[in-house]
Structures are given as C-alpha cells and as structure tokens.
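Written out below as structure tokens is the structure these notes cover.
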Ligand SMILES: Cc1cc2nc3c(=O)[nH]c(=O)nc-3n(C[C@H](O)[C@H](O)[C@H](O)COP(=O)(O)OP(=O)(O)OC[C@H]3O[C@@H](n4cnc5c(N)ncnc54)[C@H](O)[C@@H]3O)c2cc1C
C-alpha cells in the first residue's frame, strides 16, 4: 500500500486499487491534483492489499470516502474486492474502472455489488471524465457520512462476563470508550476488520486502531496508557492499594519527598471510586461523586511525584534484611524501605444457588455503573442494607423501572444513614423488603429470576429480575500476607498497641520499641484504611490513616 501524501489522519480516504502500477500511479496523480487538500489518496496493487488497508482504516475509526477499483485484476477481480469491501465500509462510494471490452461485465456487476459508477479507461481528460464522477461520489458520501469515532471501542457480548470485566475496568479507570455489541451490524463489521470472530470477544480496538483480542487487564492498561511497569526497583515506600487510604498515603509521602509507588490491582479509587455520591466527606457540602473525588486524589498524587501502577496485583510481601520486597503475580518484584498496606475490603460472596454462574451476566458485586443503560425498563434487585446498597438503589432507580432492596435485618435504620433512608422513602420506584434473603438466581444465558425468602414467615417468592447487585458486607483479602503479620479472625490486620498483650510484643518483633500506632507485627510495614482491624470504614478515616501512616514511615526511616 502506498500513501500519496504524509498522513493527516483526520482526512477521509480516496482509495484506488489497480494491479498495473502505471495505471495506479496515474489515477492517484489525477486524484491528488484535485482532492489532496481535503482527502488522503491511498493506492493498493491488489484487492487483498486494499482489504488490509481498509481494515486498518476501520479500526482507527477513520473513513474511506471513495474506492476506485480496477475490474480486471489477478487473484481477486474488482467486483469480488468491492463485495468484500462493502462489508467493512458500506458507506464508502464505489466505482469500477473498466476497459471498453469489459463494459458488459461491469454493468452486470453493478447489480451484484451496488457499484455507483463505472469509469472507462482511459479517463483522459480527467476534468471531463474522472472528476465529475468522483465529485458526485463524494457529494453522496458527504451527505451520508458519520462523524469520526476515535474512541477506544470494546466489541463484546452484553451478557459475557469477560466483556463486562473489560468495560468495568475501563469505566473505573475513567477511560472513555464506545461499547459495540457484536450482534449489531457495526459490531460485526469491526469484528471482521479485527480479524476475529464472535467466540473471541471481548476485542478492544485502541484509539490508534490496534485490535486486542481477549486482552488481560494488564495488557489493556498498557494499551490505553495506564502505567503497569515500575520505573525503578527500589523505593522509599510502596503503597499496596489505590483506594482513599492508599491515595492519601501517596499524596503525603510524595509531597514530603519520599520516592513513592502505589500498586493497584484494578482501578485507583477503590470502593470509594464506585460510590455514586459521598455525602459525608468534609468540604463537599453538596456531596461528591466517589469517582470524582478519587480521580482528583489520583491526579494530586501523580502531580506530587508518586507513581501509580494499575492492573498489577501484589501477591507476596517478603522481608529482605532491612528492605521489604513486594512481589507481583507475574513473578517480578520491587523493594522499599517501608510498605503501607491499604488493600481495603472486597464484597463477600452471596450464598444463593446459581449466583456464581451468573456473575457478569446480570449478577454483579458492587455498583456496576456500566450496567445503568441495561437496566432500562427492568426490575433491579439490590442485596444489602448498608449505605453502599442505599446509594446504589438511588442510582439505579433513575434508570430501572423498579428497584427492590432485599435486606436481611428488620429495618434499614440499624445499617443505613438516615439521609439515605429519607431519600429512598421519597423515591416511588424503590421498595424495601426487610427480613429478606436471596436463595436462588436463575436464567439461561443471563439472570432472569430471583427467589426471595422471607425470614419472618418462611415464604418464598420468585420475581422476574434482570439485574442483581450485591452489597453484603466485606472481607479483607489478606491471605497473601506473610505469616509474621498478625491478623484477627476475620483477616483484618492488627496494628500498634493491639499487638502488645500484657507487655509482650508480637512474636518475631526484634526492635527495642513497641509497634507504632499503624505498624504491623513486621517493622516497617504499616496499614491504613478498611483493611486494618477495628478501622472505621469511612472515606475520611481511610484518608486520615493514609496520612498518619506516612508520618510513622518517616519516624521508622529515621531509625534506620
Ligand atoms: C458503594 C460504596 C459507597 C460508599 N459510600 C461511602 C460514603 O458515602 N461515605 C463514606 O465515608 N464511605 C463510604 N463507603 C466506604 C468507603 O468507600 C471505604 O471505607 C473506603 O473506600 C476505604 O478505603 P481503603 O483505601 O481503605 O480501601 P478500598 O477503597 O477498598 O481500596 C483498596 C484498594 O486496594 C486494591 N487492592 C486490594 N488488594 C490488592 C492487592 N493485593 N494488590 C494491589 N491492589 C490491591 C483494591 O483494588 C482497591 O482499589 C462506600 C463504599 C462503597 C462500596
């Protein structure tokens, strides 16, 4: 493929295809003379090559305005080529170049591939024979063209868990994308351009037009410009977890001159990033969307010099003499003088028959904002009675026909803030079912019915529901920590004075002082936020503990 001018990506493309290089050059030269200012002129020597060019153009979200294809080409003739090109760029206008002898065949082809024109060779003078035809083709194309779409595209199936995971990952990282259902014509066209089939979704097409077939989140993060690789191998402090506690620690550590890296397995913001509205964080009298608050914190941490690695999971922590080594799931590692654990909590699994099989197909843990549009006219069930469940109910009530909150307790009062209870009471399409649990989720490819059980009278009711969001308490995922780090029975990390019992310091503790307030049973490893035993489970306290942990890191470093 030959490009006839340096690329100015925004210009639509005029593509000529001819196996005779002299003819190909001549057509391109004539086109350039009149159209080069507003169009990119490209030429290919065969139908196959031209199809590859078109696939790239489609993936980049650019437009082919007009195709001029020679009729008589070896391998694939012009009609066969145009037939395939139409599947990829149906909006492109098409003309066939023919010799006089092929006129009849060309006319017959017009019916097969809906060619707009045929042009007889030679087309001299172009002012009379070529330009009027191309002008008309361009005028038609201009009338019908769609705007250029440069967004990242996710081609997927609405009820595929893997497609959901990719959408959720980009949404939580605030990376804009266009969702394309592979069952729609647009989706099929893009899938063909990516060289994939429907069994290979999700396919992500980057803004640059590169297709990624079933990418891992780390590959995807890299492709959309979220760093995944540390720039160094030794830091003053490694912060594990990018929720409010981790971001709070990073802001203070970086601003106080510590070489700092945050490692986040999913998306910076943690649970708070998924909150539709945080009403109780200091300084926001009208409340603030969790994603907005944590995005500001993320940018603040980066501006102050912290590094943030996304889509990287920490799987082990190993003391190496005075250094602390943090290992990743791919076997690589970084070391630091100190570590702050800010890994928060994750939702507990719902013990309902069939629920685990339908995760990502109508059953979701936490607030899956990407599903808002899919809730239109549907019945949505929220399981849980805490503030997070209440916020989700208020959010989804704006999109769904009906929202049911299923809560185990006798009332919401014990578990939810009164401002939320008042909001819920004022929304007509939310109903609250107390003393209710979910016993079963059913559906073929996706959730269709939910069985609700009343603990008051043991009655069961099967209700139609397309979406179920689970907010049933949380557990810290701390199994990967070394044995030397003391945890309580539920897995929360014990710190400071709670480690000292009857004057006895924790086993293996070899310093001549007690652990600091947020220090674990391994010196130099600190904890902040929800993962700490007895923590308050609030954004403000997580941020505060992040800041305090850094003060203690300084104190620890001064001892080294
Ligand atoms: C929907 C919802 C609404 C809420 N609303 C409010 C509210 O209105 N007001 C309020 O005060 N609180 C609210 N909360 C609670 C609040 O969000 C949490 O208390 C707070 O986010 C805790 O912060 P954290 O940094 O300790 O943990 P998290 O926010 O849980 O962040 C921990 C982070 O660590 C990452 N991580 C975990 N393990 C690893 C690992 N091994 N390697 C790398 N990364 C890892 C996780 O991916 C996560 O991003 C809400 C919570 C939810 C879920």
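Numbering (the numbering used here), first residue to last: 251 to 810. C-beta: ideal position from N, C-alpha, C; glycine also.
Only exposed fits residue 460, as fewer than 16 other CB atoms lie within 10 angstroms of its CB. Excluding its 5 nearest sequence neighbours in each direction, residue 645 has C-beta neighbours in its own chain below 6 Å: 526, listed in chain order. Contact between the segment 443-462 and the segment 532-544 is absent: fewer than three C-beta pairs spanning the two stretches fall below 8 Å. Under the three-state reduction of DSSP, residue 569 is assigned to strand. Shortest gap from the CB of residue 616 to any heavy atom of ligand 1: under 7 Å.
The straight-line gap separating the alpha-carbon atoms of residue 576 and residue 590 is approximately 11 Å. For the 8 Å CB-CB criterion, residue 263 and residue 319 do not form a contact. Taking 8 Å as the cut-off, the Cβ atoms of residue 343 and residue 266 do not count as close.
If the five residues before and after residue 546 are omitted, its C-beta is found closer than 6 Å to no C-beta atom of its own chain. Here residue 387 really is in contact with residue 366; their C-beta atoms are around 6 Å apart, less than 8 Å.
Between residue 513 and residue 339, the alpha-carbon positions lie close to 42 Å from each other. Annotation for residue 392: the continuous alpha helix (DSSP H) segment containing it runs 381-394. In this structure, the C-beta of residue 553 stays at least 7 Å away from each heavy atom of ligand 1.
Note on geometry: alpha-carbon atoms of residue 490 and residue 689 lie some 36 Å from one another. The criterion of a C-beta distance shorter than 8 Å is not satisfied by residue 425 and residue 403. Just measuring C-alpha positions, the residue of 468, 582, 495 and 486 sitting nearest residue 515 is 468.
In the three-state scheme derived from DSSP, where H, G and I count as helix and E and B as strand, residue 717 is classed as strand. As the crow flies, the alpha-carbon of residue 757 is around 8 Å from that of residue 771. Residue 409 has its CB no nearer than 7 Å to any heavy atom of ligand 1. Beta-bridge analysis with DSSP links residue 683 to 656. Looking at 334, 682, 638 and 695, the one whose alpha-carbon comes closest to that of residue 605 is 695. Taking residue 376 as the centre and dropping the five residues before and after it, the same chain places the C-beta of 280 closer than 7 Å to its C-beta, in chain order. In this structure, residue 438 sits away from residue 501, with a CB-CB distance that is not shorter than 8 Å. Here DSSP, grouped into helix, strand and coil, assigns residue 666 to coil. Restricting attention to 666, 595 and 608, the CA atom closest to the CA of residue 743 is found in 595.
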